[in-house]
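Here's the structure, in structure tokens; my notes come after.
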Amino acid sequence: MTDDRIPMTREGYDKLKVELDRLRGAEMIEITKRVATAREMGDLSENAEYHAAREDQGILQARINDLSDRLSRATIVDTALLPKDTIAFGSKVKVMDLDVDEEETFELVGPGQENPDKGRILTTSPIGQGLIGRKKGDTVKIQVPSGTIKFKILEITTANI
22 MTDDRIPMTR EGYDKLKVEL DRLRGAEMIE ITKRVATARE MGDLSENAEY
72 HAAREDQGIL QARINDLSDR LSRATIVDTA LLPKDTIAFG SKVKVMDLDV
122 DEEETFELVG PGQENPDKGR ILTTSPIGQG LIGRKKGDTV KIQVPSGTIK
172 FKILEITTAN I
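All letters in the sequence shown, in the order written, are residues 22 to 182 by the working numbering.
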């Protein structure tokens with residue numbers, strides 16, 4: 022695990038905290054009961070229900086560990102204090118995709134608030150990283166898994182996050 026701080030709003034932090042509490046509480050109790058019930062079915066070496074329940078328990082524990090790590094590295098950011106002329110966490114950015122000549126809008130958010138369908142992208146995503154620190158009027162080329170995209174930055178405002 023890394024020491025990198027993760028910027029997030031109070032709302033994003035609280036959302037992740039609620040999810041972590043739910044996973045540690047109700048979900049872990051339910052899976053633990055499933056493991057115990059499957060264990061009572063007899064021979065564990067050939068007990069598919071037991072192995073499935075243990076696998077689910079491992080996946081749940083990995084998610085708990087990930088959320089715990091993210092919350093422990095969280096830095097609560099007040100978006101009102103961020104620069105208005107430079108793209109940063111909490112910025113809403115309108116860009117022109119120069120490859121397809123279409124406008125797109127992105128909000129740069131932290132974990133727990135991402136929703137790519139609504140244009141909310143993580144600051145750690147390739148597009149987020151490519152936009153951070155840029156100013157209105159800049160043209161930027163960003164390497165993404167499907168190739169390179171080219172944006173012209175049209176407008177920077179504060180996201181409503």
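Note that the Cβ used here is the ideal one computed from N, Cα and C, for glycine as well.
In this text, all values refer to a predicted model and were calculated from it rather than measured experimentally.
For residue j and residue i, the rounded distance between their alpha carbons
i: Asp138; j: Ala180; result: 16 Å
i: Met117; j: Leu143; result: 19 Å
i: Arg141; j: Pro132; result: 10 Å
i: Tyr34; j: Gln134; result: 9 Å
i: Ser167; j: Thr145; result: 17 Å
i: Ala95; j: Gln82; result: 20 Å
Buried or exposed by the 16-neighbour rule on C-beta atoms within 10 Å, applied to residue i
i: Met22; result: Note on Met22: pLDDT 44, under 50, position unreliable in the model; no value is reported.
i: Met29; result: buried
i: Glu128; result: buried
Nearest residue (CA-CA) to residue i, options the options
i: Glu176; options: Leu152, Ile52, Val121 and Ser167; result: Leu152
i: Arg155; options: Gln164, Ile163 and Ile174; result: Ile174
i: Thr126; options: Lys105, Arg43, Gln134 and Ile148; result: Ile148
i: Glu48; options: Ser66, Ile80 and Val161; result: Ile80
i: Thr169; options: Asp42, Asn86, Ala95 and Val121; result: Val121
CB-CB length for residue i against residue j, believed under 8 Å
i: Lys113; j: Thr178; result: 5 Å
Coarse secondary structure for residue i, derived from DSSP in three states
i: Pro104; result: coil
i: Gln150; result: helix
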